[in-house]
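Single-structure report; data block below.
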Amino acid sequence: MNSIIALSLFGIANLFLGFLNNRKILLPATLAFVLVALGLNLADWNQEYLWFNNMLRTNNLSVNFASVILVATFLVVAVSRGFGDDEEHTHPAEYYAIMLFSVVGAIMMVTFENLIMLFVGLEILSVSMYILTGTDKRNLRSNEAALKYFLMGAFATGILLFGIALIYGATGSFNIHGIEALVLTAAGGSAPALLYIGIVMVIIGLLFKVSAAPFHFWTPDVYEGAPAIFTAFMSTVVKTAGFAALFRLLGGAFTGVYGTWIYILYFLTMLTLIIGNITAVYQQSFKRMLAYSSISHAGYLMLTATAKVAHTQSSILFYSLAYSVATISAFAVLMVVAETKESNAEKTNENFDIFNGLAKNNPLLAFVLTVSMLSLAGIPLTAGFWGKFFIFSDAFQRGIVVPLVVAVLMSAVGIYYYFKAIISAYFKEGDVPAIELKPIYKITLIVTTLLTIVLGIAPDLVKSIF
Amino acid sequence: MVSDFGYILLFIITAVTFCAVALGGAFMLRPNRPNIEKLSTYESGEAPDGNASVRFNIRFYIIALLFVLFDVELVFLFPWATVFGNKILIEETDGVWGWFALSEMFIFIGILTLGLAYAWVKGYLDWARPVVKNSNYQSKIPASAYEKINQKY
Amino acid sequence: MQQMQQIPDVIKLIPLNFYVLFSSALFCIGIVGVLTRRNAIIIFMSVELMLNAVNLLLAAFSSYRADPSGQIFVFFIMAVAAAEVAVGLAIIVMIYRNIQTIDVGILNKLKW
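Protein chains in written order, with UniProt numbering: chain H, 1 to 466; chain P, 1 to 153; chain V, 1 to 112.
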């Protein structure tokens with residue numbers, strides 16, 4: 001839990017590092033900060049603690065989720081680039097500081113024991129993301145994405161809060177274990193209607209944040225408008241934290257009234273899978289395709305987040321890790337290619353054809369892109385395959401057949417649009433000049449690719465820890 | 001017996017009646033002869049100029065934003081104040097409680113101050129003055145000519 | 001101090017159901033405002049109305065249950081809402097500087 005305090009202080013330190021007029025120091029400093037936080041986080045391993053008057057709880061589950069979040073943050077920070085050139089209009093110190101602050105919020109969302117902390121963590125994360133979405137100040141698309149994200153996010157927060165207030169009215173407690181006990185007693189007899197309405201509203205508020213259908217309308221716009229580096233951050237860290245919070249509520253506090261929400265969630269899962277995958281097929285823009293793919297991955301995660309079975313959490317964790325690593329490498333390749341084309345004064349649009357002929361001069365980048373696409377599609381020998389496999393086998397054991405069939409069919413649809421990127425990289429004519437990669441960038445890409453392959457061959461390396 | 005909210009209703013009725021009687025009476029008694037001067041907006045004797053809905057300068061806005069942020073954080077001082085002076089707690093801990101609570105609050109305020117210091121160093125507290133451009137107009141008449149006239153009169 | 005003790009009693013003069021209905025009405029007005037208006041500032045005001053409905057509801061529940069944690073939550077909501085206001089207005093001003101309007105309908109670079 002010291003990682004929260006440390007990260008807050010590091011964020012402030014990062015803000016003041018910005019005054020040094022030395023932009024070279026920021027990236028290594030931020031990486032070191034994240035590593036220290038990861039170390040502090042792992043120090044809580046195998047200990048069950050309550051912190052700050054029962055506000056936060058650390059246990060192995062929360063340590064695992066926080067570790068996935070911190071690893072994703074580390075990778076995103078490592079591939080961040082392009083802040084250093086434009087002196088006047090970029091503020092890298094602030095961006096890194098806000099990223100660190102938002103990780104504080106994400107960790108609070110996985111460790112919360114009290115709904116107050118869930119709310120505060122969610123808001124720290126969301127408000128940081130509103131700012132990061134709008135960082136490209138003179139780009140109208142970025143502005144519009146920020147405004148849309150902000151209005152939708154604030155709206156979702158309102159719904160979540162009203163739900164929390166109703167639950168408080170029905171149970172008289174914000175503590176999730178207190179709520180769990182009261183919900184269990186209420187489930188037997190006459191629970192007040194307030195409780196059921198409150199639970200549904202809290203679930204809706206959280207589904208908004210993880211962009212599940214039918215609350216997904218902001219996602220493609222925001223992902224497309226935001227600078228690519230922050231889109232990568234958003235689609236990994238925010239999603240992992242949101243699902244951790246959803247899982248802790250559904251699997252813990254709300255299990256007593258299983259019957260009220262389980263069928264709604266099955267229906268929404270199928271809707272999310274169908275909308276995410278089918279719409280992704282029609283996208284011309286690679287970034288927008290990744291946005292819809294993130295919606296569909298939210299669907300797969302929802303399939304398993306509805307259960308309170310001990311091995312479900314390891315499935316969620318493994319899937320989040322596989323998805324985060326693959327997404328970050330896909331965005332990293334997109335960023336570096338788009339930047340090169342831009343510096344050659346070509347018109348860039350982040351469409352699929354930006355990768356045309358990538359394999360000719362940049363075999364490494366093409367390979368990284370291929371592995372990440374294969375992993376997202378769930379092809380064997382990649383981490384994504386095992387992620388999907390664990391989730392499907394969990395669903396099969398729990399006997400939820402209809403959503404499972406939909407999920408399997410939709411993952412077959414997914415293969416089509418992920419392969420579009422691979423095809424344009426290897427088989428289409430085009431000229432991407434040989435791209436010189438900075439060492440840290442190259443190392444990060446190799447690490448993410450290796451991680452995807454190693455986890456694809458030996459998933460138990462990580463799965464046994466979770 | 002009137003209930004508590006009955007008093008509020010009575011209060012509202014009284015207020016409405018008072019306004020109606022005072023304004024309505026004046027309306028019936030006074031002569032009604034308007035002219036442009038009388039109908040114009042009263043602005044402390046100045047002649048009104050321009051539209052009322054002018055846009056404020058952007059720098060007011062930044063100051064207001066900073067004010068709102070630091071002002072609202074003070075809401076956390078209220079719950080703190082109720083336990084800070086708690087006699088029972090102070091007696092139980094031999095006065096240590098007071099120092100503990102006080103130092104905690106100073107840590108909180110200190111973090112806020114860091115934020116303020118950041119805004120200060122970044123220059124958001126500076127009042128952005130318009131830069132006066134010096135004219136580079138070269139007059140054909142030498143400056144001494146003006147001085148002569150000034151001395152003469 | 002004597003006056004302070006009485007505030008929960010004054011709140012309890014009105015039945016709890018009235019508070020729930022009133023807050024729900026305020027909340028619904030906020031939702032309708034968000035969904036129907038096109039001006040960013042007014043949407044934002046509607047969101048604030050939703051948050052204040054929540055605050056009222058929490059304060060009422062908190063008094064009825066004689067449990068201060070609900071009121072503490074209200075403090076958190078107020079502080080966080082202020083931070084949100086700051087960020088939101090900054091975003092709106094940023095857009096205004098670029099396109100000189102805050103009508104959400106004008107922003108159609110990205111499809112809804």
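We put the CB at the ideal spot given by N, CA and C, even for glycine. In this text the structure is predicted, and so the values were computed from the model without any measurement.
Checklist entry - Under 8 Å from any heavy atom of the ligand FMN, does the C-beta of Tyr124(P) make it? => result Looking for the ligand FMN in the displayed structure turns up nothing, as the structure carries no ligands at all.
Next on the checklist: Between the alpha carbons of Val237(H) and Val103(H), how many angstroms are there, rounded?
Outcome noted: Within the first sequence, residue 237(H) is the residue found at index 237, counting from 1. Within the first sequence, residue 103(H) is the residue found at index 103, counting from 1. Cα-Cα distance, rounded: 8 Å.
Item to check | Contact set between the segment 38-56 of chain V and chain H, restricted to residues whose Cβ is under 8 Å from the partner | outcome: Answer set for the segment 38-56 of chain V: Ala40, Ile43, Phe44, Val47, Met50, Leu51, Ala53, Val54.
Item to check | Presumed contact (8 Å Cβ cut-off) between Ser67(H) and Leu40(H), rounded CB distance | outcome: Locating residue 67(H) in the first sequence gives position 67, where the first residue counts as 1. Locating residue 40(H) in the first sequence gives position 40, where the first residue counts as 1. The pair is not a contact, with the Cβ atoms about 11 Å apart (cut-off 8 Å).
Checklist entry - Which residues mark the beginning and the end of the beta strand (DSSP E) in which Trp51(H) is found? => result Along the first sequence, one-based indexing puts residue 51(H) at 51. Counting along the chain, the beta strand (DSSP E) containing Trp51(H) begins and ends at 49-51.
Checklist entry - Distance, Cα to Cα, Pro142(P) vs Asp126(P)? => result Indexing the second sequence from 1 puts residue 142(P) at position 142. Indexing the second sequence from 1 puts residue 126(P) at position 126. Pro142(P) and Asp126(P): Cα-Cα distance of roughly 40 Å.
Checklist entry - Excluding sequence positions up to five away, which residues of its chain have a Cβ less than 6 Å from the Cβ of Arg288(H)? => result Stepping through the first sequence from its first residue, residue 288(H) is reached at position 288. The beta carbon of Arg288(H) lies closer than 6 Å to those of Pro220, Glu224 in the same chain, with the five residues before and after it left out.
Next on the checklist: Once DSSP output is grouped into helix, strand and coil, what is the label at Asn175(H)?
Outcome noted: Residue 175(H) sits at position 175 when you count from the first residue of the first sequence. In the structure shown, Asn175(H) sits in a strand (DSSP, three-state: E or B).
Item to check | Chain-ordered chain P contacts of Ile12(H) [CB-CB under 9 Å] | outcome: As a working mapping, residue 12(H) is identified with position 12 in the first sequence. Ordered by position in chain P, the residues that pass the 9 Å Cβ test against Ile12(H) are Ile111, Leu114, Gly115, Tyr118.
Next on the checklist: Taking a contact to mean a Cβ-Cβ separation below 9 Å, would you say Val77(H) touches Leu17(H) in this structure?
Outcome noted: Walking along the first sequence from the start, residue 77(H) turns up at place 77. Walking along the first sequence from the start, residue 17(H) turns up at place 17. No, the pair does not count as a contact, with Cβ atoms beyond the cut-off.
Item to check | Distance CB(Trp51(H))-CB(Thr111(H)) smaller than 9 Å | outcome: By one-based count along the first sequence, residue 51(H) stands at place 51. By one-based count along the first sequence, residue 111(H) stands at place 111. Less than 9 Å separates the beta-carbon of Trp51(H) from that of Thr111(H).
Item to check | Test item: CB-CB of Phe18(V) and Leu56(V) under 9 Å | outcome: Working through the third sequence from its first residue, we reach residue 18(V) at position 18. Working through the third sequence from its first residue, we reach residue 56(V) at position 56. Contact: no.
Item to check | CA-to-CA distance, Trp386(H) to Leu114(P), given in whole angstroms | outcome: Against the second sequence, residue 114(P) aligns to sequence position 114. Against the first sequence, residue 386(H) aligns to sequence position 386. C-alpha separation (whole angstroms): 47 Å.
Next on the checklist: Contact criterion: CB-CB distance below 9 Å. Does Ile11(V) meet it with respect to chain P?
Outcome noted: For the purposes of this step, residue 11(V) is taken as residue 11 along the third sequence, with counting starting at 1. Chain P has no Cβ within less than 9 Å of the Cβ of Ile11(V).
Item to check | Segments of 4+ residues assigned as alpha helix (DSSP H) that fall wholly inside the segment 274-313 of chain H | outcome: Positions of the alpha helix (DSSP H) runs, each at least 4 residues long and wholly inside the segment 274-313 of chain H, are given as 286-305 in order along the chain.
Next on the checklist: In whole angstroms, give me the CA-to-CA distance for His177(H) and Phe254(H).
Outcome noted: Residue numbering aside, residue 177(H) sits at position 177 when the first sequence is read from its first letter. Residue numbering aside, residue 254(H) sits at position 254 when the first sequence is read from its first letter. So the two alpha carbons sit approximately 10 Å from each other.
Next on the checklist: Buried or exposed, going by whether 16 or more other CB atoms sit within 10 Å of the CB of Pro92(H)?
Outcome noted: The residue you call residue 92(H) lines up with position 92 of the first sequence. By the neighbour-count criterion, in which 16 or more other beta carbons inside 10 Å mark a residue as buried, Pro92(H) falls on the buried side.
Checklist entry - Buried or exposed: Ser46(V), going by 16 or more other Cβ atoms within 10 Å of its Cβ? => result As a working mapping, residue 46(V) is identified with position 46 in the third sequence. With 16 or more Cβ atoms within 10 Å of its Cβ, Ser46(V) is classed as buried.
Item to check | Proximity of Gly456(H) and Pro380(H) at Cβ, strictly below 9 Å | outcome: Within the first sequence, numbered from 1, the residue matching residue 456(H) stands at position 456. Within the first sequence, numbered from 1, the residue matching residue 380(H) stands at position 380. At a Cβ-Cβ threshold of 9 Å, Gly456(H) and Pro380(H) count as neighbours.
Checklist entry - Nearest to Leu125(H) by alpha carbon, out of Ala145(H), Asp136(H), His311(H), Met109(H)? => result For the purposes of this step, residue 125(H) is identified with residue 125 of the first sequence, where counting begins at 1. Measuring from the Cα of Leu125(H), the nearest candidate turns out to be Met109(H).
Item to check | Where Trp112(V) falls: helix, strand or coil (DSSP) | outcome: Reading the third sequence from its first residue, position 112 is the one you call residue 112(V). Any reading at Trp112(V) is ruled out, since the residue's pLDDT is 41, under 50, leaving its predicted position unreliable.
Item to check | Neighbourhood of residue 476(H) by C-beta distance below 8 Å, restricted to the same chain and skipping five residues each side | outcome: Examination of residue 476(H) is not possible in this model, given that chain H is present from 1 through 466 alone.
Checklist entry - Would you report the Cα separation of Ala83(V) and Ile41(V), rounded to the nearest angstrom? => result As a working mapping, residue 83(V) is identified with position 83 in the third sequence. As a working mapping, residue 41(V) is identified with position 41 in the third sequence. Near 16 Å, if we compare the C-alpha coordinates of Ile41(V) and Ala83(V).
Item to check | Nearest-angstrom beta carbon gap, Ala326(H) and Thr452(H) [assumed within contact, 8 Å] | outcome: The sequence position of residue 452(H) within the first sequence is 452, counting from 1. The sequence position of residue 326(H) within the first sequence is 326, counting from 1. In this structure, Thr452(H) and Ala326(H) form a Cβ contact; the two beta carbons are roughly 6 Å apart against a cut-off of 8 Å.
Checklist entry - Between Gly198(H) and Tyr168(H), is the Cβ-Cβ spacing less than 9 Å? => result Residue 198(H) sits at position 198 when you count from the first residue of the first sequence. Residue 168(H) sits at position 168 when you count from the first residue of the first sequence. Yes.
Checklist entry - Just by C-beta distance, which residues in the segment 141-158 of chain H are closer than 7 Å to chain V? => result Taking 7 Å as the Cβ-Cβ cut-off against chain V, the residues of the segment 141-158 of chain H that qualify are Arg141, Asn143, Glu144, Ala145, Ala146, Leu147, Phe150, Leu151, Ala154, Phe155, Gly158.
Checklist entry - Using CA coordinates, which residue listed in Ala47(P), Phe27(P), Met28(P) is at the minimum distance from Ile36(P)? => result Numbered from 1 along the second sequence, position 36 holds the residue referred to as residue 36(P). It is Ala47(P).
Item to check | Beta-carbon contacts of Ala88(V) that lie in its chain and below 8 Å, excluding the five residues immediately before and after | outcome: What you label residue 88(V) is simply residue 88 of the third sequence in a count that begins at 1. The sequence given here has Gly at residue 88(V), not Ala. The residues are Phe44.
Checklist entry - For Leu268(H), which residues of its own chain have a beta-carbon under 8 Å away from its beta-carbon, when the five flanking residues on both sides are left out? => result Against the first sequence, residue 268(H) aligns to sequence position 268. Excluding sequence neighbours, Leu268(H) sits near Leu207, Ala212, Ala213, Pro214, Met302.
Checklist entry - For Lys12(V), which residues from the same chain have a beta carbon less than 8 Å from its beta carbon, with the 5 sequence-adjacent residues on both sides left out? => result Stepping through the third sequence from its first residue, residue 12(V) is reached at position 12. If we look at Lys12(V) and ignore the five residues flanking it on each side, its Cβ neighbours are Ser63, Tyr64.
Item to check | Lys420(H) to Val202(H) span [Cα, whole Å] | outcome: The residue labelled residue 420(H) in the question sits at position 420 within the first sequence. The residue labelled residue 202(H) in the question sits at position 202 within the first sequence. Roughly 38 Å separates the two Cα atoms.
Next on the checklist: I'd like to know if Ser63(V) contacts chain H, where contact means its C-beta is closer than 9 Å to some C-beta of that chain.
Outcome noted: Start at 1 with the first residue of the third sequence, and residue 63(V) comes out as number 63. Chain H, which has no Cβ nearer than 9 Å to the Cβ of Ser63(V), makes this no.
Item to check | Where Phe112(H) sits in the DSSP three-state scheme | outcome: To locate residue 112(H), count along the first sequence from 1; it is residue 112. Of the three classes helix, strand and coil, the one that applies to Phe112(H) here is strand, per DSSP.
Item to check | Contacts of Tyr61(P) in chain V (Cβ-Cβ under 7 Å) | outcome: Taking the second sequence and counting its residues from 1, one reaches residue 61(P) at position 61. Annotation: Cβ neighbours of Tyr61(P) in chain V (cutoff 7 Å, chain order): Val93.
Item to check | Rounded Cβ spacing between Ser424(H) and Asp353(H) (contact assumed at less than 8 Å) | outcome: For this step, residue 424(H) is matched to residue 424 along the first sequence. For this step, residue 353(H) is matched to residue 353 along the first sequence. A Cβ-Cβ distance of about 6 Å is found for the pair Ser424(H) and Asp353(H), placing them in contact under the 8 Å criterion.
Checklist entry - Mind pulling the chain H residues with CB within less than 7 Å of Val121(P)? => result Numbered from 1 along the second sequence, position 121 holds the residue referred to as residue 121(P). Within chain H, the residues near Val121(P) are Phe19.
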